[in-house]
């Protein structure tokens, strides 16, 4: 158990809908990262937050957005969902935001868009 | 942009034997970090081992060790005394010192046979 929690574990929804994925980092970690794992794209970095502020963006679609709250938990919002958004979404956390910090992953949220 | 290549999509090994998984990467950066993550059937991403590029000594964690060849941009993982619980997808990952974007290879599916 990495100490990173994600809810829900599974999510089934329809195209065009909007969902919110939640992540709580390890105690003491200030930085949160979101990743998408799909069969065709593999594991891709989406976005990073540090102490409430966006720090880095990867291959995140405009239909997706994220935020980190004062209690350091983070939410990833996915809207206008398409079939291709079906994937495993991981949250990871690290103590600070430096590249030397190891990222610890949560168990993931499996999203299925029908 | 950095790329990470894992040339072995699948490998198998007998229990108690040793196996080596290959990883090469491409970067123009001098300061970076390399990781091996393990993803068992539960889909949890588990950190196996980490290597800092500035360290010449190869990292070791119990039965897991790496062979880091900086000039060749190679970072292989050796698993000694393989156990059934080592059956998993193994991902090599690269983190540049200049940003926080972890780049993953496509993974190697390792099966440990009894």
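Protein chains in written order, with this note's numbering: chain A, 179 to 292; chain B, 6 to 119.
Glycine is no exception: its CB is placed at the ideal position from the N, C-alpha and C atoms.
Nothing here was measured: the structure is a model prediction, and the numbers come from that model.
By how many angstroms is the C-alpha of residue 262(A) removed from the C-alpha of residue 78(B)?
In the second chain, the residue the question calls residue 78(B) occupies position 73. In the first chain, the residue the question calls residue 262(A) occupies position 84. So the two alpha carbons sit approximately 34 Å from each other.
Rounded to the nearest angstrom, how far is the Cβ of residue 114(B) from that of residue 20(B), given a contact under 8 Å?
Locating residue 114(B) in the second chain gives position 109, where the first residue counts as 1. Locating residue 20(B) in the second chain gives position 15, where the first residue counts as 1. Rounded to the nearest angstrom, the Cβ distance from residue 114(B) to residue 20(B) is 17 Å, too far for a contact under 8 Å.
Do residue 61(B) and the ligand HEM come close, with the Cβ less than 7 Å from some heavy atom?
The model depicted lacks the ligand HEM and carries no ligand whatsoever.
Tell me the rounded alpha-carbon separation between residue 111(B) and residue 220(A).
Taking the second chain and counting its residues from 1, the one referred to as residue 111(B) is at position 106. Taking the first chain and counting its residues from 1, the one referred to as residue 220(A) is at position 42. Pairing residue 111(B) with residue 220(A), the inter-Cα distance amounts to about 6 Å.
By the 10 Å Cβ neighbour count, where 16 or more other Cβ atoms means buried, how is residue 101(B) classified, buried or exposed?
Within the second chain, numbered from 1, the residue matching residue 101(B) stands at position 96. Buried, by the Cβ-count rule.
In terms of alpha-carbon separation, which member of 23(B), 36(B), 41(B) lies closest to residue 282(A)?
Within the first chain, numbered from 1, the residue matching residue 282(A) stands at position 104. Nearest to residue 282(A) by alpha-carbon distance, out of 23(B), 36(B), 41(B), is 41(B).
8 Å contact criterion, which residue 104(B) and residue 234(A) should meet: CB distance rounded
Sequence index remark: in the second chain, residue 104(B) carries index 99 (1-based). Sequence index remark: in the first chain, residue 234(A) carries index 56 (1-based). The C-beta distance from residue 104(B) to residue 234(A) rounds to 6 Å, short enough to fall under 8 Å.
Is it buried or exposed, residue 286(A), if we count other Cβ atoms within 10 angstroms and call 16 or more buried?
Counting from 1 along the first chain, the entry for residue 286(A) is found at position 108. Counting Cβ neighbours within 10 Å, residue 286(A) comes out buried, since at least 16 surround it.
Chain-ordered neighbours of residue 266(A) on chain B, where CB pairs are closer than 7 Å
By one-based count along the first chain, residue 266(A) stands at place 88. What residue 266(A) touches in chain B: 48.
Contacts around residue 238(A), its chain only, beta-carbon distance under 6 Å, and the 5 residues preceding and following it disregarded
By one-based count along the first chain, residue 238(A) stands at place 60. Hits under 6 Å: 224, 225.
Cα separation between residue 86(B) and residue 22(B)?
Indexing the second chain from 1 puts residue 86(B) at position 81. Indexing the second chain from 1 puts residue 22(B) at position 17. For the pair residue 86(B) and residue 22(B), the Cα-to-Cα distance works out to about 5 Å.
Buried or exposed, going by whether 16 or more other CB atoms sit within 10 Å of the CB of residue 108(B)?
Working through the second chain from its first residue, we reach residue 108(B) at position 103. Result: buried.
Indicate the three-state DSSP secondary structure (helix, strand or coil) for residue 284(A) in the structure shown.
For the purposes of this step, residue 284(A) is taken as residue 106 along the first chain, with counting starting at 1. Residue 284(A): coil per DSSP, three-state reduction.
Taking only beta-carbon positions, decide if residue 242(A) is within less than 8 Å of chain B.
The sequence position of residue 242(A) within the first chain is 64, counting from 1. The beta-carbon of residue 242(A) is placed no less than 8 Å from the nearest beta-carbon of chain B.
So, is the C-beta of residue 99(B) closer than 8 Å to a C-beta in chain A?
Mapped onto the second chain, residue 99(B) falls at position 94. No, its Cβ sits nowhere closer than 8 Å to a Cβ of chain A.
Spatial distance of residue 74(B) from residue 213(A) (CA atoms)
Translated into the one-based positions of the second chain, residue 74(B) becomes position 69. Translated into the one-based positions of the first chain, residue 213(A) becomes position 35. Approximately 28 Å between the Cα atoms of the pair.
Between 194(A), 271(A), 222(A), which has its C-alpha nearest residue 8(B)'s C-alpha?
As a working mapping, residue 8(B) is identified with position 3 in the second chain. Among 194(A), 271(A), 222(A), the Cα nearest to that of residue 8(B) is on 222(A).
Under 7 Å from the C-beta of residue 109(B): neighbouring residues of chain A
Along the second chain, read from residue 1 onward, the residue named residue 109(B) stands at position 104. Per Cβ cutoff of 7 Å: 220, 221.
Around the Cβ of residue 203(A), are there at least 16 other Cβ atoms within 10 angstroms (buried) or fewer (exposed)?
If you number the first chain from 1, residue 203(A) lands on position 25. If you draw a 10 Å sphere on the C-beta of residue 203(A), you find 16 or more other C-beta atoms in it, and that means buried.
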